[in-house]
Structure formats: structure tokens, C-alpha cells
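The next block holds one structure in the form of C-alpha cells; read it before the comments.
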Amino acid sequence: MKILVMGLLTEDIMSKAKSDMLLGTFVDLTDAAREVGIICNSYKNVDIDFTILLTHIGFAEDLKLAEQLDPRWGVDVIIGGHSHTYLDAPAEVNNILIVQAGIGTDQIGRFEVEVNTDTNSVESYTWETVPVDDAHCERNEELEHLIYDFKKVTDEKYGAILTSMVRKATHPSRYQSTSAGNLFCDALKKQFGLDIVMLGSGSLRAEEIGPIITVGDLLNMYPYDETLVRIELTGKELKRGILHAMKKSFSAKDNDSEYYQFSKGIHIVYSTGSRVLTEARFNGKEIQDDAVFAVGLELFHYNNIDSFLGLDREAVEGRKQAKTVTGNIRTAIEEYFREHNALRPVYEKRTETTD
Numbered sequence: 230m231k232i233l234v235m236g237l238l239t240e241d242i243m244s245k246a247k248s249d250m251l252l253g254t255f256v257d258l259t260d261a262a263r264e265v266g267i268i269c270n271s272y273k274n275v276d277i278d279f280t281i282l283l284t285h286i287g288f289a290e291d292l293k294l295a296e297q298l299d300p301r302w303g304v305d306v307i308i309g310g311h312s313h314t315y316l317d318a319p320a321e322v323n324n325i326l327i328v329q330a331g332i333g334t335d336q337i338g339r340f341e342v343e344v345n346t347d348t349n350s351v352e353s354y355t356w357e358t359v360p361v362d363d364a365h366c367e368r369n370e371e372l373e374h375l376i377y378d379f380k381k382v383t384d385e386k387y388g389a390i391l392t393s394m395v396r397k398a399t400h401p402s403r404y405q406s407t408s409a410g411n412l413f414c415d416a417l418k419k420q421f422g423l424d425i426v427m428l429g430s431g432s433l434r435a436e437e438i439g440p441i442i443t444v445g446d447l448l449n450m451y452p453y454d455e456t457l458v459r460i461e462l463t464g465k466e467l468k469r470g471i472l473h474a475m476k477k478s479f480s481a482k483d484n485d486s487e488y489y490q491f492s493k494g495i496h497i498v499y500s501t502g503s504r505v506l507t508e509a510r511f512n513g514k515e516i517q518d519d520a521v522f523a524v525g526l527e528l529f530h531y532n533n534i535d536s537f538l539g540l541d542r543e544a545v546e547g548r549k550q551a552k553t554v555t556g557n558i559r560t561a562i563e564e565y566f567r568e569h570n571a572l573r574p575v576y577e578k579r580t581e582t583t584d
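Reading the sequence shown from the start, the letters are residues 230 to 584 in the working numbering.
Structure, rendered in C-alpha cells:
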């Protein structure tokens, strides 16, 4: 059998890569579908029996993508990610089977597919999700010993203690203000003298950190080598951007949203019913439209400020150019932790919702 496998990057990653002039010539599903067709057609003189498309754009976007794929291109299966969707059975759109297997290594998806090599199509299949646990995965002691040999080396680096706190900081959900979000934003605010720091909530990848924090713990929580930029926003732009992000975060139809964690001083209340900000305060005072704030934002979010915050990047840059304050956010937080001990992470509802 001849099997064709294609990988499709997320729109977010493509946007970032394109801005950095690395790669990326398509940024929406229509262009992505066209690119799939180009690749498939380039193999039209090869007898491809089975075609797999690997994506990371979310289950809802996979369904839309499948609708746009020409059946003559021969895509049989889409294996996706990003939305962490659990499926008891594959979805089927345009004769394309679409699957995901949840989150992380909690389970794996097992596909058994019978292919008709005369018609180059799926004849039959079975699908199941298999938990990764002792009941389903036999222990391999030889592999364990190999892993532990490497672990001894990595522990010397990643086991180094950065600081200790009086209690752990938690991040149970990306759609609420959390004590870990407060901790990281406050650290960056103090490090660089910013008025406000906004971190994408999805950038924090663990549910808790501490009370003892090692290099590995920090890497597990914030695994990115990301840049922090300083921009200036008026109060009007700040409120409009926050409202835009909140609307997208609480829209059931939106698969490309970002909730933000904020540094100390911000208090936002969003009404999910009327879809407005009922309260927007900074240091206890109502945010005025003509006020100007020094805001710290991850470079990825700044590069996509029109999508994530609904703001005109040219207008923001026209007032004052963005300035890099650190080339590596994780390194800056590591320095902060090394310099501060007995930290007391607090849980403040800096963003709240009402009906």
C-alpha cells in the first residue's frame, strides 16, 4: 500500500510564522483546503491507496475543512487536535472520517481500517479509545530503566529549586481568573514596571505550581520561549480589546478565542447576557477613555491583536512602536522567582462574569 500523510498547521501558528517570515502562505480554511488539493493532485500519477490529514485546528474546524475538500482528492481520514475532543465514534463529513483522542496522554485512539485498494477508499473500520493505564498498557521494565537513566541527567537541571511559596498557585480553568495567572502577571509587571500585563490564559499549561517551584515546574507551567512587548493603549482601546476577547471566549460558536489573565490593579466585570462590560476599573478607579496605559503583551498576541483583541495594529503602532522588554518571558519569571522567596500567591477575581 501507498499511504499519503499531510500535516496542516493551525491558523494561529501560521499567522505567527508568516509574521516572522518563516513560512505560511494560507491563513484560513478555504486557502488550507486549496493547498491540500494541490498536494493531493501532485501525486495523481501515483496510485495512493490511503490519505491521512493531520490537523491541529479544533474539531469544529475539521468538520468545516472536510466540507471544502473535493472527494476526487481522496482524503480518507482527518486526525485532529487542539480542542481536546473525546469521540465515541468518528464523525463523517464528505465521506471523510474525522477523529480526535482527547487530551495529552490520558488515552489513545485506535483505528482499524480496511482499505479497498482497487477503489482507494475505506471499506470498513472500527474505532475505540484506549485509556493509558495499568489495565491496558503492560509495564516495560527495560524501557523504564532506560528512561530513568536519562531522568537522572535531566533532574540535575530541571530539579533545581527556584523558590518556595507559602501555598501553591492553581490554574484550574483557562476561562477564569486564577491564582497562577495572578502570580505570573504580577511578576512580569514588577520586573518591567508596566501598568498592566495581559497573559493569554492558554499559555499556562499546568493546573497548579508550587509550593516548591523547580526549573522543571516552571517549564511545565509555561513551556514557551516567548517575547514580551510593551505597547501603549488608551483606556478606550483597552476596554474595547477586553470586551472583544470576553465576547469571543464566551461564544459557543467561536473556536478561536483567548481569555486573559491580568496583573494586579485590573477589575473587569462582563455580562454574558447583555455582552457588555458592566465594570472596568484600574487601581479602584473607572478606566477613562483618554487614559494611556503601558501594557505588556506576548508577542504572538500582539502580532494577532486584530483577531484576539479586535484592535487595529497599525493604529496602535502609529501612536508608539511596540518595544521588546524581554526576549524570553519564562527566563524573566525564573529570575523573579530566584530573587523572591516565601511568595504568597493570591486569588483575586480580576475578571468576573454575570448573567
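All C-beta atoms in this analysis are idealised placements derived from N, C-alpha and C, irrespective of residue type, glycine included.
Residue state for E466 is assigned as helix, using DSSP reduced to three classes. Secondary structure note for K552: its beta strand (DSSP E) is the uninterrupted segment 552-555. S402 is classed as exposed because its beta carbon has fewer than 16 other beta carbons within 10 Å across all chains shown. The distance from the Cβ of A398 to that of G439 is about 6 Å, consistent with a contact at the 8 Å cut-off.
Per DSSP, G338 lies in no alpha helix (DSSP H); the unbroken beta strand (DSSP E) holding it starts and ends at 336-345. With 16 or more other Cβ atoms from the protein chains shown falling within 10 Å of its own Cβ, P574 counts as buried. With distances taken between CA atoms, A551 lies nearest to I460 out of I460, L417, G388. Contact between the stretch 276-290 and the stretch 299-318 is established, with three or more Cβ pairs separated by less than 8 Å.
Looking at the DSSP output, L428 shares a beta bridge with Q490. Going by beta carbons, D518 and K476 fall outside the 7 Å limit. When only Cα atoms are considered, L428 and Y499 end up about 18 Å apart.
In terms of Cβ geometry, V322 and L292 form a close pair [threshold 7 Å]. In the three-state reduction of the DSSP assignment, Y377 falls in the helix class, which pools H, G and I. Measuring C-alpha to C-alpha distances from E264 to each of I232, K231, K273, L298 identifies L298 as the nearest.
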